[in-house]
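Quick note on our numbering: the sequence shown kicks off at 6 and runs consecutively.
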Amino acid sequence: MDVLVMLEDRPEHSTVLAHVNSVPSPLNSERPSRDVVTLYGEATPESLALALAAAVEAHREPGERLGSIRHVALWPERGAVGDAAWRDKSTGHLVTSDLAIPFAVLQQTAEHLLVECGAVIRRLVAGLLMPDWPEGTRRAISFTLTPQAILPATAGGRPDALLDSYRQAVGIDYDNDGD
6 MDVLVMLEDR PEHSTVLAHV NSVPSPLNSE RPSRDVVTLY GEATPESLAL
56 ALAAAVEAHR EPGERLGSIR HVALWPERGA VGDAAWRDKS TGHLVTSDLA
106 IPFAVLQQTA EHLLVECGAV IRRLVAGLLM PDWPEGTRRA ISFTLTPQAI
156 LPATAGGRPD ALLDSYRQAV GIDYDNDGD
């Protein structure tokens with residue numbers, strides 16, 4: 006997952022912690038899609054991990070489609086709230102879907118990200134906070150979040166275990182004894 010992390014001053018009229026927007030890959034391009042994470046106010050490893058968790062969890066949403074564009078705002082106590090849009094391949098119509106990710110889910114994913122790639126997250130924050138950025142430039146750093154960092158710790162990095170944990174989370178139990 007390619008990510009561009011930017012740091013902005015906190016908007017005076019809002020308590021939003023971050024925005025996460027997806028940018029699909031251009032048509033006829035081999036360049037992958039990218040998530041743009043904009044942090045507001047003071048950047049910390051924890052706030053960046055929460056924003057990255059919002060990006061990861063938005064990709065896990067059941068209605069997620071390739072080429073979808075997502076706009077998500079991260080709020081304290083409310084979690085991530087936003088929407089996704091994509092073109093239906095059969096009809097060509099624009100389809101939209103609301104996204105709502107609870108704060109508890111984001112905290113759990115953020116903790117996992119800090120365990121798996123905490124050093125990288127801390128280096129990103131340090132880079133964004135360096136005082137020697139040229140005057141008037143946008144503080145932005147691009148990086149790639151590996152699939153191993155995204156998989157939940159309970160899955161142990163195995164795709165079949167990830168599928169099992171998803172099935173249990175949505176209440177789909179199955180029995181292999183009769184096979």
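C-beta: ideal position from N, C-alpha, C; glycine also. Keep in mind that this is a model prediction, so the values were computed, not measured.
inquiry  = Given a cut-off of 8 angstroms on the beta-carbon distance, is the pair M11 and R143 in contact?
reply    = Here the question's residue 11 lines up with position 6 in the sequence shown. Here the question's residue 143 lines up with position 138 in the sequence shown. In this structure, R143 lies closer than 8 angstroms to M11 by Cβ.
* Asked: Taking the alpha-carbon positions, what's the P136 to V100 distance?
  -> Within the sequence shown, the letter at position 131 stands for residue 136. Within the sequence shown, the letter at position 95 stands for residue 100. Distance between the alpha carbons of P136 and V100: 43 angstroms.
Ignore the nearest five residues each way along the sequence and tell me which others in L79's own chain have a CB closer than 8 angstroms to its CB.
Here residue 79 refers to the residue found at position 74 when the sequence shown is read from its first residue. Counting only Cβ-Cβ distances below 8 angstroms, and skipping sequence neighbours, we find V21, L22, A23, H24, V25, L55, A56, A59, A85, L111.
Problem set entry | Boundaries (first-last residue) of the beta strand (DSSP E) holding L22 | Taking the sequence shown and counting its residues from 1, one reaches residue 22 at position 17. Unbroken run through L22: none, as it is neither H nor E.
Where G87 and I146 are concerned, what is the direct C-alpha to C-alpha distance, given to the nearest angstrom?
Mapped onto the sequence shown, residue 87 falls at position 82. Mapped onto the sequence shown, residue 146 falls at position 141. Computed Cα separation, rounded: 24 angstroms.
- request: Since I believe S19 is in contact with V28 (beta carbons under 8 angstroms), could you give me their beta-carbon distance rounded to a whole number of angstroms?
  value: Walking along the sequence shown from the start, residue 28 turns up at place 23. Walking along the sequence shown from the start, residue 19 turns up at place 14. About 22 angstroms separates the Cβ atoms of V28 and S19, ruling out a contact at the 8 angstroms cut-off.
Point to revise | Own chain residues within Cβ distance below 6 angstroms of D4, not counting five before or after | key: Given a span of 6 to 184 for the chain in the structure shown, any question on residue 4 remains unanswerable.
| said: Between E47, D7, T149, E116, which has its C-alpha nearest L133's C-alpha? | reply: Taking the first residue of the sequence shown as 1, we reach residue 133 at position 128. Out of E47, D7, T149, E116, E47 has the C-alpha closest to the C-alpha of L133.
**Prompt:** For G141, which of V8, D7, D14, L9 has the nearest alpha-carbon?
**Reply:** The count along the sequence shown starts at 1 and reaches residue 141 at position 136. Checking every option, the nearest Cα to that of G141 belongs to D14.
Ends of the beta strand (DSSP E) at L13? Taking the first residue of the sequence shown as 1, we reach residue 13 at position 8. The displayed chain sequence assigns Glu, not Leu, to residue 13. Residues 7-13.
Exercise. Could you tell me if H117 is buried or exposed, where buried requires 16 or more neighbouring beta carbons within 10 angstroms of its beta carbon?
Key: Within the sequence shown, numbered from 1, the residue matching residue 117 stands at position 112. With 16 or more Cβ atoms within 10 Å of its Cβ, H117 is classed as buried.
Subject >> Own chain partners of P50 with C-beta closer than 8 angstroms, once the 5 adjacent residues on each side are dropped >> reply: In the sequence shown, the residue the question calls residue 50 occupies position 45. Same-chain partners within the cutoff: L119, G123, I126, R127, V130.
- When DSSP labels each residue in this structure, what does T149 get in the three-state scheme? By 1-based counting over the sequence shown, the position of residue 149 is 144. T149 falls in the strand class under three-state DSSP.
Give the range of the beta strand (DSSP E) segment to which H76 is assigned.
Position 71 of the sequence shown holds residue 76. 74-80 is the extent of the beta strand (DSSP E) around H76.
**Prompt:** Between L104 and R65, which are expected to be in contact by the criterion C-beta below 8 angstroms, what is the C-beta distance as a whole number of angstroms?
**Reply:** If you number the sequence shown from 1, residue 104 lands on position 99. If you number the sequence shown from 1, residue 65 lands on position 60. Between R65 and L104 the Cβ distance is about 11 angstroms, and since that is not below 8 angstroms, they are no contact.
Exercise for review: Label T96 either buried or exposed according to how many other C-beta atoms from any shown protein chain fall within 10 Å of its C-beta, with 16 as the threshold for buried.
Suggested key: Walking along the sequence shown from the start, residue 96 turns up at place 91. Counting other Cβ atoms within 10 Å of its Cβ, T96 stays below 16 and is therefore classed as exposed.
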